[in-house]
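Asker:
There are 2 protein chains.
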Amino acid sequence: MDVANINKLFEENLTVVNLGLESFAENLNNEGVKTVQVQWKPPAGGNMEIAELLDKMDSIKAKVDVDAANKKAAEIINNGKPTVVDISTAGKAIPGMRKNLFLHAGPPVEWERMSGPTRGAVIGGLVYEGLAGTYEEAEKMAASGEIDFEPCHHHATVGPMAGIVTYSMPVWVLENKAYGNKAYATLNEGLGKVLRYGAYGDDVIAKLKWMESDLAPILKAALKLHGELDMKNIIAQILQMGDEGHNRNRAGTSIVIRELAPYLVQLDVEKEKLVKVFEFLNANDHFFLNLSMPSAKCIIDAAAGIEGSTIVTTMARNGTDFGIRMSCTGDQWFTAPAPMVDGLYLPGYSADDAAPDIGDSTITETVGIGGFAMAAAPAIVKFVGGTPKDALNVTTRMYEITETENKIFQIPALDFRGTPTGIDVLKIIETGILPAVNTGIAHKKPGIGMVGAGLVKPPEKCFNDAFKAFVEKYS
Amino acid sequence: MDVANINKLFEENLTVVNLGLESFAENLNNEGVKTVQVQWKPPAGGNMEIAELLDKMDSIKAKVDVDAANKKAAEIINNGKPTVVDISTAGKAIPGMRKNLFLHAGPPVEWERMSGPTRGAVIGGLVYEGLAGTYEEAEKMAASGEIDFEPCHHHATVGPMAGIVTYSMPVWVLENKAYGNKAYATLNEGLGKVLRYGAYGDDVIAKLKWMESDLAPILKAALKLHGELDMKNIIAQILQMGDEGHNRNRAGTSIVIRELAPYLVQLDVEKEKLVKVFEFLNANDHFFLNLSMPSAKCIIDAAAGIEGSTIVTTMARNGTDFGIRMSCTGDQWFTAPAPMVDGLYLPGYSADDAAPDIGDSTITETVGIGGFAMAAAPAIVKFVGGTPKDALNVTTRMYEITETENKIFQIPALDFRGTPTGIDVLKIIETGILPAVNTGIAHKKPGIGMVGAGLVKPPEKCFNDAFKAFVEKYS
């Protein structure tokens, strides 16, 4: 560029593209110069250790076809065909389940480090199972070592919030018809004082008992008459009806009710019991969450253990730690302290009451629904905060860290574009963009329950550690 | 502007704002010049007669407070509280109903000028009522003068498509709790071969008989146990669930099912009958249309007859004529030939099979739902054609011809902005923008049924004539 051209440049109206510090652009804006701020972070967020490991990627890719491995994982996710095949109990259906085994959400955690809501749900679960007579006794028993604690995720299971699953609890049984693997989740208890938010009073236990004695057997019988539920089809529909399958499930719950209703009324069940079932379902818009979660679980489990694949196969929290797993490293967890949630609080509660991020429901985001499909559910912002524009932006941003666009789960408002699907650890490292998650918020103390809902950023460390393990494995 | 400045102008990159003929902008575009085409039409669309009448508006407004009158109409629409209070029959509930009176959609029309689908529905209705033994006999009777034909709208009633309402048909009874007026509509028959689309075979009649003998009494009894249905609340909800209440009603239908289910199962009814009711409801996503329509009707009827108000209180078609009514001119119709619909056709059908625009369902648009709320229902384009962006644009454009934004009906994707509500004839004349309507398409011959769905532009003449009547009345 010669001097004449440079002079010409200064005669023209400038439009400046700014990378990095936003204050540069702000100064120019103040002078009346048009600027475009690029949302850019240095690779690895400026983390030198990670940046150096990134330099090894060329030599790794010469040995391992990471792109092909991730394509394969994405294809498996897209092919997944989650189907509700039965309702059973945890004891009968879940592999490895036993009476003194309590499953919990998130990565492994021992009693000593357990969060308030998880402890509350364990205490309630012990009384529900009749293993303890009082809540005090239950607390002692939980601390005694008599009870084994293992993640739901180690048993093809997912649990919302505390995610406590005990032997007698009814569970949805799902099968991924494309790959044959199964997944399990309890039935959703509704909102308010419920075990999954760490509440454990007698009303909580009584409802769990009713779910075991009435709700589950009645739904199981209706499901048998109806036949299997094609969850892939139903989830595709709810994305056209303002749900995203994680914190907004009103359409999904409605579809399950209307699908099962003609069969529920065929059963030989006392009228009063049937009325209570319909009333419970109609009063509980989150009923569908415990179907969208195991749907996601059985889709993503088929993509685990692919050599060379950096696709995230688990994101889960226990109120103490946030943990992820990656396809190529199989069962290995990468954890970091669970973050706090930025959200809206129920009347009478504030951020001071909140437990850190908790629950397996982030499994939805791993298959392109939940936070990744928020653009399909703009009304969700009334529950989790923000504006509809934010919801749209969240989805749009997630395309940058995902391997593919979903073939079946589509967003009408984005011209039926497939949802961003298959979270790639490598892309997270390269872009510095973290997966978007929306979630409920539990009280930090045992025995209380839900206090709000909001958005949360997973800890960078989980993804950095997964990346380090990947580099170590393939260097 | 001196010569130096003009020369400077030609040195700069031009951005041209073009009004009027789009070809000017296209030529510039071809030369690489950026252009912005302004969607502008001359006042009254260049119609000299109307333009001259527009000149009288200042003197009219000096005598009549049109703005205040339209504000009052808008307030009445916003205050409306449509509520389902009962299910009855047309003969018992609708004022002025008698055995030889057949109500039809749209403005008045005699047998000789009736469209194919309307004739088909009349023939079916005569056999359904037992007034004729065969379809041939029915056709003769319809032409004989023995049967009186009047618009649904003259009886506080609305009917989708042909809109034929006969004495024995069950009807929803709605009350506008804010103003005490009532509205009526039949129960929706489902899709496929149905009377409202002009089909009249024995299967059509058998279904109508079942609706009379089983469906309506069962729903009536459940409704009585449940209590009144607050339609304002339900319509607000469905706009957050991807429905717009005219051609997309999946969420609305789902909500009605889940609301009534706990009461349906309490009834003393044979299981088989209850099963059939639930199956029918679950298989018919348009069931809610016959609730959104009378909801709109009882909202807007309260805004009729306001001195000086140019708000549209009726838009309706009978497959022959499109007719509107305006608040200040009360019961007077302004009609023009019904236009053809631009839409998507069912397999095996094309535009050659289509009847002109038909049905009272355009009542939804008069209160800010239906076509006016399409931005809330982007998935509707799979049914009526176009893209989600078109759906958004339709709603956005309607703000230019409406008096207010709805206080309760909101569009999440537009940051919960109230839907464009209260169509103003004056604004239509001034802007040249016509109300957006989406609709089903009936076969032009009697006896066949639905062939598609799409978008339609009401004839300009209706609004021009209403405006002329307004000027004449107040000059």
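Residue numbers (this note's numbering), protein chains in the order written: chain A, 1036 to 1510; chain B, 1036 to 1510. We put the beta carbon where it would ideally sit given N, CA and C, even for glycine. Remember, it's a predicted structure, so these values are computed and weren't measured experimentally.
Note the first and the last residue of the continuous alpha helix (DSSP H) segment covering D1237/B.
Answerer: Run containing D1237/B: 1237 to 1245, per the alpha helix (DSSP H) assignment.
Asker: What does the Cβ neighbour count give for P1494/A, buried or exposed, with the cut at 16 atoms within 10 Å?
Answerer: It counts as buried.
Asker: Does D1313/A come within less than 9 Å of chain B when only Cβ atoms are used?
Answerer: Looking at the sequence shown, residue 1313/A is not Asp but Phe. With 9 Å as the cut-off, F1313/A counts as an interface residue toward chain B.
Asker: At a cut of 8 Å, does the stretch 1275 to 1290 of chain B reach the stretch 1203 to 1216 of chain B through at least three beta carbon pairs?
Answerer: Output reads no: the stretch 1203 to 1216 of chain B does not touch the stretch 1275 to 1290 of chain B.
Asker: Once DSSP output is grouped into helix, strand and coil, what is the label at W1207/A?
Answerer: In the structure shown, W1207/A sits in a strand (DSSP, three-state: E or B).
Asker: With Q1272/B and I1290/B assumed to form a contact (beta carbons below 8 Å), what rounded beta-carbon distance in angstroms separates them?
Answerer: Correct: roughly 6 Å between the Cβ atoms.
Asker: Go ahead and pull the three-state DSSP assignment for N1113/B.
Answerer: Helix.
Asker: Name the residues in the stretch 1321 to 1335 of chain A whose C-beta lies less than 8 Å from a C-beta of chain B; which are they?
Answerer: Residues passing the 8 Å Cβ filter: none.
Asker: Look up F1357/B in the DSSP assignment and say whether it is helix, strand or coil.
Answerer: Three-state result, F1357/B: strand.
Asker: Using the Cβ count rule (16 or more neighbours within 10 Å means buried), how would you classify A1097/A?
Answerer: Classification of A1097/A: exposed, given that the 10 Å Cβ count is below 16.
Asker: Tell me, please, whether the CB atom of K1134/B is closer than 9 Å to any CB atom in chain A?
Answerer: Closer than 9 Å: no.
Asker: Which chain B residues sit within Cβ distance under 7 Å of V1310/A?
Answerer: Neighbours of V1310/A on chain B, chain order: P1297, V1300, Q1301.
Asker: Counting contacts by CB-CB distance shorter than 9 Å, is S1150/A in contact with chain B?
Answerer: No, S1150/A does not count as interfacial toward chain B.
Asker: Suppose you measure from the CA of D1090/B to the CA of S1510/B; what does that come to, to the nearest Å?
Answerer: Going by the C-alpha atoms only, they are around 11 Å apart.
Asker: Is the beta carbon of G1477/B less than 9 Å from the beta carbon of I1483/B?
Answerer: Residue identity check: residue 1477/B is Ala in the sequence provided, not Gly. Against a cut-off of 9 Å, the Cβ pair of I1483/B and A1477/B comes out as a contact.
Asker: Check N1473/A in the structure and name its three-state DSSP category.
Answerer: It is a strand residue.
Asker: Report the residues of the stretch 1402 to 1414 of chain B with a CB closer than 7 Å to any CB of chain A, ordered along the chain.
Answerer: Per Cβ criterion, the list reads P1413, A1414.
Asker: Can the beta-carbon of K1480/B be found less than 9 Å from the beta-carbon of G1151/B?
Answerer: It is a contact, given that the beta carbons lie within the stated cut-off.
Asker: For chain B, check one thing: does any of its Cβ atoms lie closer than 9 Å to the Cβ of Q1275/A?
Answerer: It does; some Cβ of chain B falls within 9 Å.
Asker: With 16 as the cutoff for other CB atoms within 10 Å, does G1160/A come out buried or exposed?
Answerer: Result: buried.
Asker: Please confirm whether I1199/B and A1156/B have their CB atoms less than 9 Å apart.
Answerer: For I1199/B and A1156/B, yes; Cβs fall inside 9 Å.
Asker: Would the stretch 1388 to 1406 of chain B and the stretch 1322 to 1341 of chain B be scored as touching if the rule is three or more Cβ pairs under 8 Å?
Answerer: Flag = yes, the stretch 1388 to 1406 of chain B and the stretch 1322 to 1341 of chain B touch.
Asker: On the three-state DSSP scale, how would you describe L1226/A?
Answerer: Correct three-state label for L1226/A: coil.
Asker: By the 7 Å beta-carbon criterion, what residues does the stretch 1441 to 1472 of chain A contribute toward chain B?
Answerer: The residues in question are P1447, A1448, D1450.
Asker: Quick check: is the beta carbon of T1169/A nearer than 9 Å to any beta carbon in chain B?
Answerer: No, its Cβ sits nowhere closer than 9 Å to a Cβ of chain B.
Asker: Output the distance between the C-alpha atoms of K1496/B and G1420/B, rounded to the nearest integer angstrom.
Answerer: One C-alpha to the other measures close to 26 Å.
Asker: Once DSSP output is grouped into helix, strand and coil, what is the label at F1505/A?
Answerer: The answer is helix: DSSP assigns F1505/A an H, G or I state.
Asker: Using 8 Å as the Cβ pair cut-off and three pairs as the minimum, do the stretch 1189 to 1205 of chain A and the stretch 1096 to 1111 of chain A touch?
Answerer: Counting Cβ pairs under 8 Å, fewer than three are found: no touch.
Asker: How about E1087/A: is its Cβ closer than 8 Å to a heavy atom in the ligand GDP?
Answerer: Inclusion of the ligand GDP in the displayed structure is not the case, the ligand content being empty and no account of it being possible.
Asker: What does the alpha-carbon distance come out to for the pair S1248/B and L1260/B?
Answerer: Near 19 Å, if we compare the C-alpha coordinates of L1260/B and S1248/B.
Asker: Give me the Cα-Cα distance between E1174/A and W1146/A, rounded to the nearest whole angstrom.
Answerer: Approximately 10 Å between the Cα atoms of the pair.
Asker: Out of curiosity, what's the CA-to-CA distance linking A1390/A and G1194/A?
Answerer: Each residue's Cα considered, the two are about 17 Å apart.
Asker: Identify, in the order they occur along the chain, each residue of the same chain with its Cβ nearer than 6 Å to the Cβ of L1381/A, setting aside the five sequence neighbours on each side.
Answerer: For L1381/A, where only same-chain residues beyond five positions count, the Cβ hits under 6 Å are V1486, G1487.
Asker: Count the other CB atoms within 10 Å of the CB of D1320/B; is the residue buried (16 or more) or exposed (fewer)?
Answerer: Under this definition D1320/B is a buried residue.
Asker: Taking only three categories from DSSP, how would you classify N1441/B?
Answerer: In this structure, N1441/B counts as strand in the three-state DSSP scheme.
Asker: Name, please, each residue of chain C whose Cβ falls closer than 7 Å to the Cβ of R1285/B.
Answerer: Among the chains of the structure shown, chain C does not appear; the protein chains present are A and B.
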